[in-house]
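**Q**
Residue numbers (our numbering), protein chains in the order written: chain A, 1 to 332; chain B, 1001 to 1332.
#1: To the nearest angstrom, report how far apart residue 1273 of chain B and residue 1136 of chain B are at their CA atoms.
#2: Go ahead and label residue 131 of chain A buried or exposed: buried means 16 or more other beta carbons lie within 10 angstroms of its beta carbon, across all protein chains shown.
#3: At 8 Å on the CB atoms, spell out the chain A contacts of residue 1274 of chain B, in chain order.
#4: Using a Cβ cut-off of 9 Å, pull out every chain A residue sitting near residue 1156 of chain B, in sequence order please.
#5: For the pair the region 1072 to 1083 of chain B and the region 1114 to 1122 of chain B, tell me if three or more CB-CB distances fall below 8 Å.
#6: Within 10 angstroms of the Cβ of residue 1194 of chain B, are there 16 or more other Cβ atoms? Answer buried if so, exposed if not.
#7: From the DSSP output, in three-state form, read off residue 299 of chain A for me.
#8: Applying a beta-carbon distance threshold of less than 9 Å, which residues of chain B neighbour residue 229 of chain A?
#9: Where does residue 1334 of chain B sit, in a helix, a strand or coil, going by DSSP?
#10: Within 8 Å of any Cβ in chain B, is that where the Cβ of residue 94 of chain A sits?
#11: Using 8 Å as the Cβ pair cut-off and three pairs as the minimum, do the region 1167 to 1184 of chain B and the region 323 to 332 of chain A touch?
#12: With a threshold of 6 Å on Cβ separation, who are the neighbours of residue 1063 of chain B within its own chain once the five nearest residues in sequence on each side are excluded?
#13: If we call anything under 8 Å between Cβ atoms a contact, is residue 1029 of chain B one with residue 1019 of chain B?
#14: Mind the definition here: the region 1234 to 1243 of chain B touches the region 1152 to 1162 of chain B only if three or more C-beta pairs lie below 8 Å; say whether that holds.
#15: Name the two residues that bound the continuous alpha helix (DSSP H) containing residue 189 of chain A.
#16: When the Cα of residue 1191 of chain B is compared with those of B:1172, B:1201, B:1214 and B:1226, which residue comes out closest?
#17: Using the Cα positions of residue 26 of chain A and residue 37 of chain A, report the straight-line distance between them to the nearest angstrom.
#18: Please report the residue range of the beta strand (DSSP E) in which residue 347 of chain A lies.
#19: Between residue 77 of chain A and residue 1108 of chain B, which are expected to be in contact by the criterion C-beta below 8 Å, what is the C-beta distance as a whole number of angstroms?
#20: Considering only their Cβ atoms, is the gap separating residue 33 of chain A from residue 12 of chain A smaller than 8 Å?
#21: I'd like the span of the beta strand (DSSP E) that includes residue 159 of chain A, first residue to last.
#22: On the DSSP bridge assignment, give the partners of residue 1321 of chain B in chain order.
#23: Which of helix, strand or coil does DSSP assign to residue 225 of chain A?
#24: Closer than 6 Å by C-beta to residue 253 of chain A: which residues in its own chain qualify, once you throw out the five before and the five after it? Chain order, please.
#25: Select from the region 78 to 94 of chain A all residues with a C-beta closer than 8 Å to any C-beta belonging to chain B, and list them in chain order.
#26: Run through DSSP, which three-state label would residue 143 of chain A get?
#27: Out of B:1306, B:1276 and B:1280, which one is the CA nearest neighbour of residue 1105 of chain B?
#28: Quick one: what does DSSP say residue 1210 of chain B is sitting in, helix, strand or coil?
#29: Determine the extent of the beta strand (DSSP E) in which residue 245 of chain A is found, giving its start and end residues.
#30: Does residue 1281 of chain B get closer than 8 Å to chain A when you measure Cβ to Cβ?
#31: Going by DSSP, what residues sit across from residue 1181 of chain B in a beta bridge?
#32: By Cβ distance below 6 Å, which residues in the same chain neighbour residue 1332 of chain B in space, the five residues on each side in sequence not counted?
#33: By alpha-carbon positions, which one of A:23, A:71 and A:69 ends up nearest to residue 53 of chain A?
#34: Measure the CB-CB distance between residue 1229 of chain B and residue 225 of chain A and report whether it falls below 8 Å.
#35: Rounded to the nearest angstrom, what separates residue 303 of chain A and residue 1233 of chain B at their Cα positions?
#36: Are the beta-carbon atoms belonging to residue 1141 of chain B and residue 1267 of chain B less than 8 Å from one another?
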């Protein structure tokens, strides 16, 4: 595979050009391109330029609104409800996250419920926008169903990720962002394409029996991580990003929207003001915990790999497959 | 093993007598006894009368305040901060949970942060008190360290449970309450006592190598469920029930407080008003999801086993080991 090296500025320009050509307005193109840019900057390739064709295709087909103007439908108590206007989630985040951060700082804890958006990215970028404000944060979203329930074999849950972040003054935040499935959907698809086995526990075939055959898993169902405990997390995410905020469950998304591309649904984001809950020492206290954890050989904090990449890519740029580069160039 | 059958009233009376004899006042004894009673009623034996000696011993030794008068230190925005007065958590819940429920109904989402309490029970009782009010809820607490970090072998986290509940009008709620460790601490201890193997993945020996020898795990560390993803959950729980609310981390609890009994620390409880976030259809929507899930053979919802027991024990009573019955009688 030949690769092409791009500077981070070139990544941004390429993404902007492709989105603009697909019909996104400047606001939408900027929000989406910056999400891909952040992923490339942090070495999170599966959410970087790899997604450009998916974003552009959904805008071209009209499934996603490339001129979305998300609105804050209500702000009452500690809850902000947004309507995403069928745009990609990062567009809603542009106005929603600053409002959520301000509300969490006055209320101590606050929730942002976004309806009618397409979430086609990782969750850590929005969490990091909040940790940058000194807030702890959680985020939840669901997707079309690929994952079975504990004791079941039917696809009922999306890979239903949840993310949690904790601010570290002067350092990259601690953020984990993990699917409720054992493996990412893409990992199973790549194993099927390349003829490799999927990891033990990755899924079941159509007969419900555990298998490492990725093709059987793709026609069966992926398994939750950690057996019934991960399935419980998947169910929680389905409820939080669905019925709790008046949005679709994974099953409903699957009925309305099949295929591997972006799908419409909801997102719940929670923000916590540590100084309001725990006092002025809260973040310094977190640091003492992290120092203890990191004093053990072999231990690193979630998000550490992204932070390491981020220290290099502004100078080194990023490598993307030349075929991907050319594919995106054709979109522009 | 001979067993003794008790009615649920007898369970309550026995617990009350033991706690009273240990020096608990009526309020404290009632709150704690009712927590053991709820566990016995629901077949959750490990948190039932089995814990009576632990509660009473901690009160007798002065480690726990049997005459605790927890107070609401502040209520600002969407956050209630309580001081537990070194009492057991259920005593703080008596005033804290109604206040949290009321606040969540006005704010949409609210948090209850309890400092200086001893949490020696399951988390589902407090979550269910909130689902009984039509609220969704989460709860987090930490404990002395038994569990290693991903990539590590040192004990750094408690079994750090989290619970999530969703109300089901006219039905028992959906509630999961799960440790961040693969197995409960007690399960490893019982395996060691009885000469059985611990489950695969339950822990590592002092050398850091995975083992199913329960004695090696007890001198080494328990493993998180689901590998690094469960470890991330354990870390989140440690931050939420610790630094976020001005309380001890698991490591700090371990430094100050060794042994298997109750330990002092904090608890964070979140409550969400579905109708405020998702509109009037939220709970009916949840029911449609549960119906779909339950239509698959072999699938049950978290908490279903407790609900099944609860339908029987008011008539049938509960069986406890006669030796346990006599041990508690001696406490009275």
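Using N, Cα and C, we set each Cβ at its ideal position, and we do this for glycine too. None of the values given here were measured: they were computed from a predicted structure.
**A** For this structure:
#1: Stepping through the second chain from its first residue, residue 1273 of chain B is reached at position 273. Stepping through the second chain from its first residue, residue 1136 of chain B is reached at position 136. Rounded to the nearest whole angstrom, the C-alpha separation of residue 1273 of chain B and residue 1136 of chain B is 7 Å.
#2: On the first chain, residue 131 of chain A is found 131 positions in, with the first residue counted as 1. A residue is called buried once 16 or more other Cβ atoms fall within 10 Å of its Cβ, and residue 131 of chain A is buried on that count.
#3: Counted from its first residue, the second chain places residue 1274 of chain B at position 274. Chain A residues near residue 1274 of chain B: 243 and 244.
#4: By one-based count along the second chain, residue 1156 of chain B stands at place 156. The contact set of residue 1156 of chain B on chain A, defined by CB atoms closer than 9 Å, consists of 289, 292, 293, 296 and 299 in chain order.
#5: In this structure the region 1072 to 1083 of chain B lies against the region 1114 to 1122 of chain B, because at least three pairs of beta carbons, one per stretch, are closer than 8 Å.
#6: The residue labelled residue 1194 of chain B in the question sits at position 194 within the second chain. In this structure residue 1194 of chain B is exposed. Its beta-carbon is surrounded by fewer than 16 other beta-carbon atoms within 10 angstroms.
#7: Within the first chain, residue 299 of chain A is the residue found at index 299, counting from 1. If DSSP states are grouped into helix, strand and coil, residue 299 of chain A belongs with coil.
#8: Residue numbering aside, residue 229 of chain A sits at position 229 when the first chain is read from its first letter. Near residue 229 of chain A (Cβ distances below 9 Å), the residues of chain B are 1176, 1178, 1179, 1180, 1182, 1225, 1226, 1230 and 1233.
#9: In this structure chain B extends from 1001 to 1332, so residue 1334 of chain B is not present and cannot be described.
#10: On the first chain, residue 94 of chain A is found 94 positions in, with the first residue counted as 1. Not an interface residue.
#11: In short, these stretches do not touch, since the Cβ pair count stays below three.
#12: Walking along the second chain from the start, residue 1063 of chain B turns up at place 63. So no residue of the chain qualifies.
#13: To locate residue 1029 of chain B, count along the second chain from 1; it is residue 29. To locate residue 1019 of chain B, count along the second chain from 1; it is residue 19. Contact annotation: residue 1029 of chain B and residue 1019 of chain B have beta-carbon atoms nearer than 8 Å.
#14: Yes, the region 1234 to 1243 of chain B touches the region 1152 to 1162 of chain B.
#15: The count along the first chain starts at 1 and reaches residue 189 of chain A at position 189. For residue 189 of chain A, the enclosing alpha helix (DSSP H) stretches over residues 185 to 194.
#16: The residue labelled residue 1191 of chain B in the question sits at position 191 within the second chain. Just measuring C-alpha positions, the residue of B:1172, B:1201, B:1214 and B:1226 sitting nearest residue 1191 of chain B is B:1214.
#17: As a first step, residue 26 of chain A must be located in the first chain, where it is residue number 26. As a first step, residue 37 of chain A must be located in the first chain, where it is residue number 37. Just so you know, the alpha carbons of residue 26 of chain A and residue 37 of chain A end up roughly 16 Å apart.
#18: Outside the modelled stretch of chain A, which goes from 1 to 332, sits residue 347 of chain A, for which no answer is possible.
#19: By one-based count along the first chain, residue 77 of chain A stands at place 77. By one-based count along the second chain, residue 1108 of chain B stands at place 108. With 8 Å as the limit, residue 77 of chain A and residue 1108 of chain B qualify as a contact, their Cβ atoms being about 5 Å apart.
#20: Here residue 12 of chain A is taken as the residue at index 12 of the first chain, counted from 1. Here residue 33 of chain A is taken as the residue at index 33 of the first chain, counted from 1. Yes, the Cβ-Cβ distance between residue 12 of chain A and residue 33 of chain A is below 8 Å.
#21: Taking the first chain and counting its residues from 1, one reaches residue 159 of chain A at position 159. That residue, residue 159 of chain A, is in no beta strand (DSSP E); it is neither H nor E in DSSP.
#22: Position 321 of the second chain, counted from the start, is the residue given in the question as residue 1321 of chain B. According to DSSP, residue 1321 of chain B bridges with B:1003.
#23: Taking the first residue of the first chain as 1, we reach residue 225 of chain A at position 225. Coil at residue 225 of chain A, not helix or strand.
#24: Your numbering for residue 253 of chain A matches position 253 in the first chain. These residues qualify, in order along the chain: 144, 263 and 265.
#25: Answer set for the region 78 to 94 of chain A: 78, 79 and 81.
#26: Residue numbering aside, residue 143 of chain A sits at position 143 when the first chain is read from its first letter. In the structure shown, residue 143 of chain A sits in coil (DSSP, three-state: anything other than H, G, I, E or B).
#27: Walking along the second chain from the start, residue 1105 of chain B turns up at place 105. For the set B:1306, B:1276 and B:1280, the Cα lying nearest the Cα of residue 1105 of chain B is the one of B:1276.
#28: Counting from one through the second chain, the residue named residue 1210 of chain B turns up at place 210. Strand.
#29: On the first chain, residue 245 of chain A is found 245 positions in, with the first residue counted as 1. Where residue 245 of chain A is concerned, there is no enclosing beta strand (DSSP E), given that its DSSP letter is neither H nor E.
#30: The sequence position of residue 1281 of chain B within the second chain is 281, counting from 1. Yes, because at least one Cβ of chain A sits closer than 8 Å to the Cβ of residue 1281 of chain B.
#31: Your numbering for residue 1181 of chain B matches position 181 in the second chain. Beta-bridge analysis with DSSP links residue 1181 of chain B to B:1224.
#32: Indexing the second chain from 1 puts residue 1332 of chain B at position 332. Within the same chain, 1017, 1018 and 1021 come within 6 Å of residue 1332 of chain B by CB-CB distance, once the 5 residues on both sides are set aside.
#33: Taking the first chain and counting its residues from 1, the one referred to as residue 53 of chain A is at position 53. Taking only the C-alpha atoms, the option nearest residue 53 of chain A is A:23.
#34: In the second chain, residue 1229 of chain B corresponds to position 229, counting from 1. In the first chain, residue 225 of chain A corresponds to position 225, counting from 1. A contact, by the Cβ cut-off of 8 Å.
#35: Mapped onto the first chain, residue 303 of chain A falls at position 303. Mapped onto the second chain, residue 1233 of chain B falls at position 233. Computed Cα separation, rounded: 14 Å.
#36: The residue given as residue 1141 of chain B occupies position 141 in the second chain. The residue given as residue 1267 of chain B occupies position 267 in the second chain. Contact flag set, yes.
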